[in-house]
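Presented below is the structure to which this report refers.
Numbering (our numbering), first residue to last: 31 to 284.
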(Lines of atoms letter the chains of each structure in order from A and count residues from 1; the text may use other names and numbers.)
(Lines give C-alpha, C1' and ligand atoms only; values in the text may rest on other atoms or scores of the structure.)
Protein backbone atom coordinates (compact mmCIF):
# COMPACT_ATOMS: atom_id res chain seq x y z
CA UNK A 1 0.00 0.00 0.00
CA UNK A 2 1.04 3.58 -0.59
CA UNK A 3 0.82 4.33 3.13
CA UNK A 4 3.46 1.67 3.78
CA UNK A 5 5.96 3.61 1.67
CA UNK A 6 5.22 6.81 3.58
CA UNK A 7 5.52 5.03 6.92
CA UNK A 8 8.74 3.32 5.84
CA UNK A 9 10.27 6.63 4.76
CA UNK A 10 9.30 8.33 8.03
CA UNK A 11 10.61 5.47 10.15
CA UNK A 12 13.90 5.42 8.23
CA UNK A 13 14.20 9.19 8.72
CA UNK A 14 13.47 8.90 12.44
CA UNK A 15 15.96 6.04 12.82
CA UNK A 16 18.71 7.89 10.94
CA UNK A 17 18.00 11.16 12.76
CA UNK A 18 18.15 9.62 16.23
CA UNK A 19 21.34 7.79 15.21
CA UNK A 20 22.87 11.18 14.34
CA UNK A 21 21.75 12.54 17.73
CA UNK A 22 23.29 9.54 19.49
CA UNK A 23 26.65 9.79 17.68
CA UNK A 24 26.86 13.59 18.06
CA UNK A 25 25.99 13.54 21.76
CA UNK A 26 28.41 10.67 22.41
CA UNK A 27 31.23 12.45 20.56
CA UNK A 28 30.84 15.69 22.51
CA UNK A 29 30.55 13.89 25.85
CA UNK A 30 33.56 11.57 25.41
CA UNK A 31 35.77 14.37 24.08
CA UNK A 32 35.12 16.69 27.04
CA UNK A 33 34.51 14.11 29.78
CA UNK A 34 38.00 14.11 31.30
CA UNK A 35 38.86 17.73 30.47
CA UNK A 36 35.82 19.19 32.24
CA UNK A 37 35.70 16.79 35.18
CA UNK A 38 37.29 19.31 37.57
CA UNK A 39 34.93 19.04 40.54
CA UNK A 40 37.87 18.16 42.79
CA UNK A 41 39.24 21.68 42.29
CA UNK A 42 36.01 23.36 43.32
CA UNK A 43 34.14 20.99 45.62
CA UNK A 44 34.76 18.75 48.58
CA UNK A 45 32.92 15.82 47.01
CA UNK A 46 35.76 14.12 45.12
CA UNK A 47 33.57 11.20 44.04
CA UNK A 48 31.23 13.38 41.97
CA UNK A 49 31.60 13.21 38.19
CA UNK A 50 31.00 16.50 36.40
CA UNK A 51 32.38 15.70 32.97
CA UNK A 52 29.35 16.72 30.89
CA UNK A 53 29.75 19.55 28.37
CA UNK A 54 26.13 20.57 28.96
CA UNK A 55 25.43 22.94 31.87
CA UNK A 56 29.12 23.60 32.50
CA UNK A 57 29.94 26.22 35.14
CA UNK A 58 32.75 28.67 35.67
CA UNK A 59 34.69 27.82 38.83
CA UNK A 60 37.52 29.64 40.59
CA UNK A 61 40.22 28.44 38.21
CA UNK A 62 38.68 25.93 35.82
CA UNK A 63 35.52 25.37 33.83
CA UNK A 64 33.76 22.42 35.43
CA UNK A 65 31.30 20.35 33.48
CA UNK A 66 27.71 19.59 34.31
CA UNK A 67 26.54 16.49 36.12
CA UNK A 68 27.47 13.41 34.09
CA UNK A 69 23.92 12.07 34.44
CA UNK A 70 22.78 14.80 32.07
CA UNK A 71 25.07 13.43 29.37
CA UNK A 72 23.96 9.88 30.15
CA UNK A 73 20.40 10.95 29.41
CA UNK A 74 21.36 12.88 26.27
CA UNK A 75 23.37 9.96 24.87
CA UNK A 76 21.18 7.00 25.87
CA UNK A 77 17.72 8.46 25.17
CA UNK A 78 17.94 7.91 21.39
CA UNK A 79 19.00 4.25 21.71
CA UNK A 80 15.55 2.61 22.20
CA UNK A 81 14.11 4.88 19.50
CA UNK A 82 16.80 3.77 17.04
CA UNK A 83 15.96 0.11 17.73
CA UNK A 84 12.18 0.20 17.41
CA UNK A 85 12.06 2.61 14.46
CA UNK A 86 14.50 0.34 12.61
CA UNK A 87 12.17 -2.62 13.24
CA UNK A 88 9.11 -0.76 11.95
CA UNK A 89 11.07 0.58 8.97
CA UNK A 90 11.90 -3.02 8.02
CA UNK A 91 8.29 -4.10 8.57
CA UNK A 92 6.77 -1.42 6.35
CA UNK A 93 9.64 -1.67 3.88
CA UNK A 94 8.96 -5.37 3.44
CA UNK A 95 5.26 -4.72 2.90
CA UNK A 96 6.06 -1.97 0.39
CA UNK A 97 8.74 -3.56 -1.74
CA UNK A 98 8.64 -7.32 -1.13
CA UNK A 99 4.92 -8.10 -0.96
CA UNK A 100 3.83 -7.88 -4.58
CA UNK A 101 0.82 -10.23 -4.68
CA UNK A 102 -2.44 -8.51 -3.85
CA UNK A 103 -5.24 -10.86 -2.87
CA UNK A 104 -8.80 -9.66 -3.38
CA UNK A 105 -11.28 -11.34 -1.05
CA UNK A 106 -15.04 -11.03 -1.37
CA UNK A 107 -17.13 -12.01 1.66
CA UNK A 108 -20.75 -12.99 0.96
CA UNK A 109 -23.18 -12.95 3.89
CA UNK A 110 -26.94 -12.86 4.25
CA UNK A 111 -26.77 -9.09 4.64
CA UNK A 112 -24.75 -8.40 1.52
CA UNK A 113 -21.41 -8.67 -0.20
CA UNK A 114 -18.30 -7.12 1.36
CA UNK A 115 -14.88 -6.53 -0.13
CA UNK A 116 -12.17 -7.47 2.39
CA UNK A 117 -8.90 -5.54 2.23
CA UNK A 118 -6.20 -8.10 3.00
CA UNK A 119 -3.43 -5.52 2.67
CA UNK A 120 -4.31 -3.71 5.90
CA UNK A 121 -2.02 -3.85 8.89
CA UNK A 122 -2.46 -5.79 12.09
CA UNK A 123 -4.26 -3.55 14.58
CA UNK A 124 -2.03 -4.59 17.55
CA UNK A 125 1.05 -3.59 15.54
CA UNK A 126 -0.42 -0.16 14.78
CA UNK A 127 -1.60 0.38 18.36
CA UNK A 128 1.83 -0.58 19.68
CA UNK A 129 3.43 1.80 17.16
CA UNK A 130 1.19 4.66 18.31
CA UNK A 131 2.13 4.06 21.95
CA UNK A 132 5.83 3.96 21.06
CA UNK A 133 5.52 7.13 18.97
CA UNK A 134 3.88 9.03 21.82
CA UNK A 135 6.41 7.87 24.42
CA UNK A 136 9.33 8.55 22.08
CA UNK A 137 7.97 12.02 21.28
CA UNK A 138 7.98 12.86 24.98
CA UNK A 139 11.50 11.46 25.31
CA UNK A 140 12.83 13.42 22.33
CA UNK A 141 11.10 16.59 23.49
CA UNK A 142 12.91 16.24 26.82
CA UNK A 143 16.15 15.52 24.97
CA UNK A 144 15.74 18.61 22.80
CA UNK A 145 14.98 20.88 25.75
CA UNK A 146 17.91 19.60 27.83
CA UNK A 147 20.49 19.71 25.02
CA UNK A 148 19.35 23.14 23.81
CA UNK A 149 19.23 24.68 27.28
CA UNK A 150 22.50 23.01 28.32
CA UNK A 151 24.21 24.33 25.18
CA UNK A 152 23.10 27.90 25.94
CA UNK A 153 23.97 27.66 29.66
CA UNK A 154 27.51 26.45 28.89
CA UNK A 155 27.90 29.28 26.37
CA UNK A 156 26.84 31.85 28.95
CA UNK A 157 29.21 30.45 31.57
CA UNK A 158 32.16 30.36 29.19
CA UNK A 159 31.66 34.04 28.41
CA UNK A 160 32.53 34.71 32.05
CA UNK A 161 35.61 32.52 31.72
CA UNK A 162 36.70 34.30 28.55
CA UNK A 163 36.31 37.72 30.16
CA UNK A 164 38.61 36.63 32.98
CA UNK A 165 41.18 34.99 30.67
CA UNK A 166 41.40 38.10 28.49
CA UNK A 167 41.33 40.40 31.54
CA UNK A 168 38.53 42.21 29.76
CA UNK A 169 36.65 45.07 31.33
CA UNK A 170 34.33 47.86 30.32
CA UNK A 171 33.28 47.87 26.67
CA UNK A 172 35.32 44.75 25.83
CA UNK A 173 33.62 42.69 28.54
CA UNK A 174 30.22 43.97 27.42
CA UNK A 175 31.03 43.09 23.80
CA UNK A 176 31.96 39.54 24.81
CA UNK A 177 28.72 39.09 26.73
CA UNK A 178 26.41 40.78 24.23
CA UNK A 179 27.92 40.42 20.77
CA UNK A 180 29.96 37.22 20.52
CA UNK A 181 27.62 34.39 19.45
CA UNK A 182 27.72 30.94 20.99
CA UNK A 183 29.17 29.50 17.78
CA UNK A 184 32.31 31.61 18.24
CA UNK A 185 32.40 30.98 22.00
CA UNK A 186 32.55 27.23 21.46
CA UNK A 187 35.45 27.76 19.03
CA UNK A 188 37.28 29.59 21.81
CA UNK A 189 36.44 26.70 24.14
CA UNK A 190 37.88 24.16 21.68
CA UNK A 191 41.25 25.91 21.50
CA UNK A 192 41.68 27.68 24.83
CA UNK A 193 40.27 25.28 27.42
CA UNK A 194 43.27 23.40 28.88
CA UNK A 195 43.33 19.90 30.27
CA UNK A 196 43.44 19.76 34.09
CA UNK A 197 47.06 19.62 35.33
CA UNK A 198 46.52 16.31 37.13
CA UNK A 199 44.96 14.57 34.12
CA UNK A 200 46.76 11.38 33.11
CA UNK A 201 48.66 11.52 29.82
CA UNK A 202 46.53 8.82 28.22
CA UNK A 203 43.44 11.02 28.65
CA UNK A 204 44.97 14.24 27.33
CA UNK A 205 43.55 15.50 24.04
CA UNK A 206 46.85 16.70 22.58
CA UNK A 207 46.55 18.64 19.33
CA UNK A 208 43.34 16.89 18.25
CA UNK A 209 40.29 19.15 18.19
CA UNK A 210 36.64 18.62 17.39
CA UNK A 211 34.12 21.22 16.28
CA UNK A 212 32.11 21.21 19.50
CA UNK A 213 29.61 23.75 18.22
CA UNK A 214 28.86 21.71 15.10
CA UNK A 215 28.55 18.47 17.06
CA UNK A 216 26.16 19.93 19.64
CA UNK A 217 24.17 21.76 16.95
CA UNK A 218 23.68 18.45 15.12
CA UNK A 219 22.38 16.93 18.34
CA UNK A 220 20.01 19.86 18.94
CA UNK A 221 18.54 20.03 15.45
CA UNK A 222 18.43 16.25 15.17
CA UNK A 223 16.37 15.98 18.37
CA UNK A 224 13.80 18.54 17.25
CA UNK A 225 13.53 17.22 13.68
CA UNK A 226 13.00 13.66 14.96
CA UNK A 227 10.41 14.95 17.42
CA UNK A 228 8.42 16.44 14.51
CA UNK A 229 8.80 13.21 12.49
CA UNK A 230 7.40 11.17 15.38
CA UNK A 231 4.41 13.52 15.61
CA UNK A 232 3.72 12.87 11.91
CA UNK A 233 4.12 9.14 12.50
CA UNK A 234 1.62 9.25 15.35
CA UNK A 235 -0.97 11.02 13.19
CA UNK A 236 -0.40 8.71 10.21
CA UNK A 237 -0.67 5.57 12.34
CA UNK A 238 -3.92 6.83 13.85
CA UNK A 239 -5.32 7.46 10.36
CA UNK A 240 -4.25 3.99 9.24
CA UNK A 241 -5.93 2.29 12.16
CA UNK A 242 -9.24 3.93 11.21
CA UNK A 243 -9.28 2.41 7.70
CA UNK A 244 -12.08 -0.23 7.63
CA UNK A 245 -11.04 -3.77 6.76
CA UNK A 246 -14.41 -4.60 5.18
CA UNK A 247 -16.18 -2.38 2.66
CA UNK A 248 -19.75 -3.19 1.56
CA UNK A 249 -20.16 -3.41 -2.21
CA UNK A 250 -23.66 -4.90 -2.35
CA UNK A 251 -26.41 -4.72 0.26
CA UNK A 252 -28.96 -7.55 0.01
CA UNK A 253 -30.82 -6.85 3.24
CA UNK A 254 -34.45 -5.78 2.86
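Don't be surprised by glycine CBs; every beta carbon is placed ideally from N, CA and C. Note that the structure is a prediction, hence the values are computed from the model and not measured.
query	result
Contact check, residue 163 vs residue 39, beta carbons under 8 Å	no
Beta-carbon contacts of residue 226 that lie in its chain and below 6 Å, excluding the five residues immediately before and after	68
Distance between residue 119 and residue 37 (C-alpha atoms, nearest Å)	7 Å
Residue closest to residue 82, alpha-carbon to alpha-carbon, out of 176, 47 and 100	100
Pairwise C-alpha distance: residue 209 and residue 117	46 Å
Environment of residue 250 [buried if 16+ CB atoms lie within 10 Å]	buried
Reduced DSSP secondary structure (H/G/I, E/B, other) of residue 215	helix
C-alpha gap between residue 106 and residue 191, whole angstroms	30 Å
Counted within 10 angstroms of its Cβ, other Cβ atoms place residue 48 as buried (16 or more) or exposed	buried
Best match in 198, 236 and 177 for proximity to residue 86 [C-alpha to C-alpha]	177
Neighbour-count burial assignment, residue 285, 16 or more Cβ in a 10 Å radius	Because the chain here runs from 31 to 284, residue 285 falls outside it and cannot be looked at.
Beta-carbon separation (whole angstroms), residue 46 vs residue 171, contact threshold 8 Å	That belief does not hold up - the Cβ atoms of residue 46 and residue 171 are roughly 19 Å apart, past 8 Å.
Host beta strand (DSSP E) of residue 84 (start-end)	82-88
Cβ distance (whole Å) where residue 166 is taken to contact residue 113 below 8 Å	Contact flag wrong, Cβ pair sits at about 11 Å.
Residues near residue 56 by beta carbon distance below 7 Å, same chain, minus five either side	105
Same chain, Cβ closer than 8 Å to residue 189, neighbours up to 5 away in sequence not counted	206, 207, 210 and 215
Proximity to residue 42 [Cα-Cα], best of 160, 96 and 122	122
Identity of the residues DSSP links to residue 94 by a beta bridge	87
Alpha-carbon to alpha-carbon, residue 154 and residue 79	43 Å
Rounded C-alpha distance that separates residue 264 from residue 51	21 Å
First and last residue of the uninterrupted alpha helix (DSSP H) at residue 225	Careful: residue 225 lies outside any alpha helix (DSSP H) and carries neither H nor E.
Residue 95 to residue 65 span [Cα, whole Å]	9 Å
Simplified DSSP assignment, three categories, for residue 267	helix
Close-in-space but distant-in-sequence residues of the same chain around residue 221 (CB under 8 Å, 5 per side omitted)	239
Limits of the alpha helix (DSSP H) - the one that residue 185 falls within	153-195
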